[in-house]
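One structure is given here, and the rest of the page talks about it.
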Amino acid sequence: MDKGKAQSYRARENRKYLILEILGILLGLVWISPFYLMLVNSFKVPREIFANVLNFPSAFNFDNYVVAFDDLNFIRSFFNSLLITLVSVGVIILFSSMAGYALARNKSRLSSFILLTFVAAMLIPFQSVMIPLTANFGRAGMLNRAGLIFMYLGFGGSLAIFLYHGAMTRISTSLDEAAIIDGANKFQIFFRIVFPLLSPISVTVAILNVIWIWNDYLLPSLVLSRRNETIPIRMFYFFGQYTRQWHLALAGLTIAILPVIIFYFSAQKTIVEGVTEGAVK
Amino acid sequence: MKNKELSFWLFITPVILSLSLVVILPVFMGFFYSFTDWNGLGFNNFIGLTHYRRLLEDSQFRQSLWFTFRFAFVSVIVLNVMGLSLAVLVTSKLKSRNLLRTVFFMPNLIGGLILGFIWQFIFIRVFAALGNFTGIDGLMGWLSTPTTGFWGLVILMVWQQAGYIMIIYIAYLQGIPKELIESANIDGATPFQKFRFIIFPLIAPGFTVSMFLTLSSSFKIYDQNLSLTGGGPFNSTQMVAMNIVDTAFSSNQMAYGQSKAVVFFFIVALFSLTQVYYNKKREVDL
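Protein chains in written order, with our numbering: chain E, 386 to 666; chain S, 12 to 297.
Rendered as structure tokens:
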């Protein structure tokens, strides 16, 4: 009797999970459908898109991609994006970890005040500073890639310093003290001992900033000249040029998101952990 | 001692310099300029509250503000309900849970500008095709009216960011001790009771975090607005951020644009602080 009851309970549970499983998979399919629709239609000729948007293309025709790749000037915009992202992230990691270390080890009212200022600055929306910011940098002749990287340190430094400062509390000061006895100076202590211990946080900081800077549109569009345009800026002009020529627009969009998809699938676990860390802290 | 102070300043100078020049100085200059006839290069006169008075009569700005409020209100609710539901779904014993996590989070990594263009295709071409096929009129002419533009933006925002909110809730859901759920099971608690009396109070800090993040991102949204609707039709879906950019950089009214930016600053600050304050209080009460 009891055995029968347990079995029917299990059967009910299984049925519940089966329904949930099907619902989950359906929702997952809805979720990726925009990518599916983008991909299948990027291979079609306009007539085919008009005839049926949902089905597979009759042939995998790469003509759209050839046109889009050229018009996106993809190699150039890709390397511009890559250069700006990598250098900015490197600069943010280097200077924010140094600051996080100094602020955590030098316990004073001044340190707390400086940290608080950085945290408070995170609440300031970009749109409320962008007009004087671009005017000032314009007058200084700094509306270029170097200026942009400096701005990314200003906007991205706060969260990074906050994360590094938090991580420093978990690194014992006895390490610093032992190194001082061995005759190391502050720079040696930081770069040889502390910075390597901070690498989990450096990964988090790198991931958060890569996602942000790679995709950023408004700031670089105000700062960079057309010669140095990044993928999002180029995409904006490209799309404007091909409004309603969906076959070319979709091929261009597919090319533009390909680097991100490759990045995601090559480091998925690290990315999700990094993003969680950045949000929850 | 002297040496120690020197190294302290050497370590923090680069970030202090960048924060000062990039954020702090422009904030104060922005306040100042909003009371002048500044044109981006220089200014001749203090004109007091002239810009702010003009702002009160600027119907486009008022409409953008109202649209942004409505958008933020709806998307914060939908995003949190959706994000929490997805988190509950992928932390259950489903076989597909890891795959689903990957799928739900994916749009989050791609920029709003590009996603907006993809959804323009979905709303305009795919919806119209489905409308033709099924005969549902509601699928026709998306993004060509203020209402479909509004919901288009909400759908885009939820699709892009629900996965992000999901992983925040996952972090808090996984922090719930298993014993609590097991003892509730022994006591014969229903799934609703378990959710209401155990899970819900324990993930309250997750609400604070996600409400803060979704509120501020919904308020400051620009890229998605630009690429999906471009503010159209007839500026009816133009949000505050875009209104500021247009005023300053398209119509070249720098000081007037800056006065809008100052108002925007205070609204965002006020909302963020009140919201965090109330959620923190609620966390204690629970």
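Ideal placement from N, C-alpha and C gives every residue a C-beta, glycine not left out.
C-beta atoms of residue i and residue j nearer than 8 Å
| i | j | result |
| --- | --- | --- |
| S513(E) | V251(S) | no |
| Y421(E) | A636(E) | no |
| V38(S) | I509(E) | yes |
| L638(E) | I129(S) | yes |
| A487(E) | F22(S) | yes |
| K106(S) | E406(E) | yes |
| W49(S) | A259(S) | no |
| G243(S) | N236(S) | no |
| K271(S) | F72(S) | yes |
| L126(S) | Q171(S) | yes |
| M177(S) | S229(S) | no |
| Y413(E) | L111(S) | For the record, residue 413(E) in the displayed sequence is Gly; it is not Tyr. Cβ distance < 8 Å, so G413(E) and L111(S) count as in contact. |
| E618(E) | Y602(E) | The amino acid at residue 618(E) is misidentified as Glu; the sequence shows Ile. Yes, the Cβ-Cβ distance between I618(E) and Y602(E) is below 8 Å. |
| G160(S) | S247(S) | yes |
| F46(S) | F57(S) | yes |
| L633(E) | V452(E) | yes |
| Y175(S) | N263(S) | no |
| A506(E) | V34(S) | yes |
| I9(S) | P419(E) | The displayed coordinates of chain S run from 12 to 297. Any statement about residue 9(S) would go beyond what the structure contains. |
| T240(S) | G163(S) | yes |
| F115(S) | A173(S) | yes |
Close beta carbons around residue i, own chain, < 6 Å, minus the five adjacent residues each side
| i | result |
| --- | --- |
| G541(E) | I477 and N594 |
| T79(S) | M250 and V251 |
| Y649(E) | none |
| D234(S) | G123 and L124 |
| V165(S) | V85 and S86 |
| A641(E) | I616 and M620 |
| E658(E) | none |
| M12(S) | Annotation note: pLDDT 46 at M12(S) (below 50); position unreliable, coordinate value reported separately. Excluding residues within five positions, none has a Cβ falling inside 6 Å. |
| G51(S) | M265 |
| Y44(S) | A266 and Q269 |
Limits of the unbroken alpha helix (DSSP H) element including residue i
| i | result |
| --- | --- |
| S298(S) | An answer regarding residue 298(S) cannot be provided, because it is not within the stretch 12 to 297 covered by chain S. |
| S96(S) | S70 to T102 |
| P644(E) | W631 to S651 |
| Y450(E) | D448 to D456 |
| M620(E) | I616 to Q626 |
| R108(S) | R108 to F116 |
| G532(E) | R530 to M553 |
| Q235(S) | D234 to L239 |
| P216(S) | A215 to K231 |
| Q204(S) | P202 to K205 |
| A340(S) | The first residue shown for chain S is 12 and the last is 297, placing residue 340(S) beyond what the model contains. |
| F503(E) | R494 to A506 |
| P585(E) | S584 to N600 |
| L603(E) | L603 to V608 |
| W130(S) | G123 to F132 |
| R432(E) | P431 to A436 |
| L105(S) | Neither: L105(S) is in no alpha helix (DSSP H) and is coded neither H nor E. |
| N465(E) | F459 to R490 |
Close Cβ partners of residue i (< 7 Å) along its chain, the five nearest in sequence each way excluded
| i | result |
| --- | --- |
| F445(E) | F428 |
| F138(S) | L150 and W153 |
| V287(S) | T219 and F223 |
| F547(E) | F503 and V504 |
| I255(S) | G268, K271, A272 and F275 |
| L583(E) | S482, Y549 and A552 |
| L76(S) | V251 |
Presumed contact (8 Å Cβ cut-off) between residue i and residue j, rounded CB distance
| i | j | result |
| --- | --- | --- |
| V87(S) | L226(S) | 5 Å |
| M483(E) | F575(E) | 7 Å |
| I121(S) | N491(E) | Actually they do not touch by this definition, with Cβ atoms about 41 Å apart. |
| I578(E) | Y537(E) | Between Y537(E) and I578(E) the Cβ distance is about 28 Å, and since that is not below 8 Å, they are no contact. |
| N426(E) | I434(E) | 5 Å |
| G663(E) | L544(E) | 7 Å |
| I179(S) | S221(S) | 5 Å |
| G539(E) | S29(S) | 4 Å |
Residues bridged to residue i [DSSP beta-bridge criterion]
| i | result |
| --- | --- |
| F161(S) | For F161(S), which the question treats as bridged, DSSP gives no partner whatsoever. |
| T47(S) | F57(S) |
Beta-carbon proximity list for residue i, same chain, < 8 Å, skipping 5 on both sides
| i | result |
| --- | --- |
| L533(E) | I469, S473, L604, P605, V608 and L609 |
| G326(S) | Beyond the ends of chain S as shown, which are 12 and 297, falls residue 326(S); an answer cannot be given. |
| M386(E) | Bear in mind that the predicted position of M386(E) carries a pLDDT of just 48, short of 50, making it unreliable; the figure below should be weighed with that in mind. Counting only Cβ-Cβ distances below 8 Å, and skipping sequence neighbours, we find nothing. |
| Q185(S) | T102 |
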